[in-house]
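Residue numbers (this note's numbering): 0 to 202.
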């Protein structure tokens, strides 16, 4: 990763408008069709892992996901990762950053081994040289959407979803996507969600 001059990027106007905003985060709610994800999970994959894989795949194709405001700086990244919240053995939670790989089997193995390590050690696993897409899954619960807190420290894009519902022949989840307005606009956020849906459809 490296610092870049916002003026040399296509985020220059958004940087000027929103870098000092007291609440620069935007949240979009969307209902997603996860039928293929649920079907794939019957082959031994975890639903959460598959959604994380699809999120990483979708984000990899959108230029804005390679940029992230960190403090007052705009940082550029060559690669991305996906973060998951892990319930540890002590009943608390930790964060586990996963390097994204377009190879599903490789990503799955990293998911299984790294989340198991975090669960056992009760220590966060952080990757600092990748732009991280945060995720949080609450698959036991049904809710309409979540607006995450803004800490002013973590500006990473963030996905939250809950229980999937079976409607006729389809499985659906309600998902919220939060992003920093310096990093992207609504157009790119919606493109990401469209690409996420396509990726899950083609899984």
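By construction, the Cβ of each residue, glycine as well, lies at the ideal position given by its N, Cα and C atoms.
Counting along the chain, residue 199 sits inside no beta strand (DSSP E); it lies in the alpha helix (DSSP H) bounded by residues 185–200. Within the same chain, no residue comes within 7 Å of residue 120 by CB-CB distance, once the 5 residues on both sides are set aside. Residue state for residue 50 is assigned as helix, using DSSP reduced to three classes.
Per DSSP, the unbroken beta strand (DSSP E) holding residue 93 starts and ends at 92–98.
With contacts defined by Cβ atoms closer than 9 Å, residue 57 and residue 152 do not form a contacting pair. Straight through space, the alpha carbons of residue 88 and residue 101 are spaced by roughly 30 Å.
Partner residues in the beta bridge of residue 124, as assigned by DSSP, are 95. Residue 156 is a Cβ neighbour of residue 182, given a cutoff of 9 Å.
Pairing residue 54 with residue 137 gives a Cβ-Cβ distance that is not under 9 Å. With a beta-carbon spacing of about 19 Å, residue 10 and residue 78 fall beyond the 8 Å limit used to define contacts.
Annotation: residue 124 to residue 117 spans about 7 Å, alpha carbon to alpha carbon. Distance from the CA atom of residue 142 to the CA atom of residue 37, rounded to whole angstroms, is 19 Å. Nearest neighbour of residue 180 by Cα position, chosen from 164, 110, 43, 20, turns out to be 20.
Within the model, the alpha-carbon separation for residue 83 versus residue 97 is close to 8 Å. Residue 145 and residue 70 have their C-alpha atoms roughly 24 Å apart. Annotation for residue 39: the continuous alpha helix (DSSP H) segment containing it runs 34–40. Looking at 63, 62, 39, the one whose alpha-carbon comes closest to that of residue 52 is 39. For residue 135, the enclosing beta strand (DSSP E) stretches over residues 130–136. Burial is judged here by how many other beta carbons sit within 10 angstroms of a residue's own beta carbon; residue 22 has fewer than 16 and is exposed. Under the criterion of beta carbons closer than 8 Å, residue 133 and residue 25 do not qualify as touching, at roughly 15 Å.
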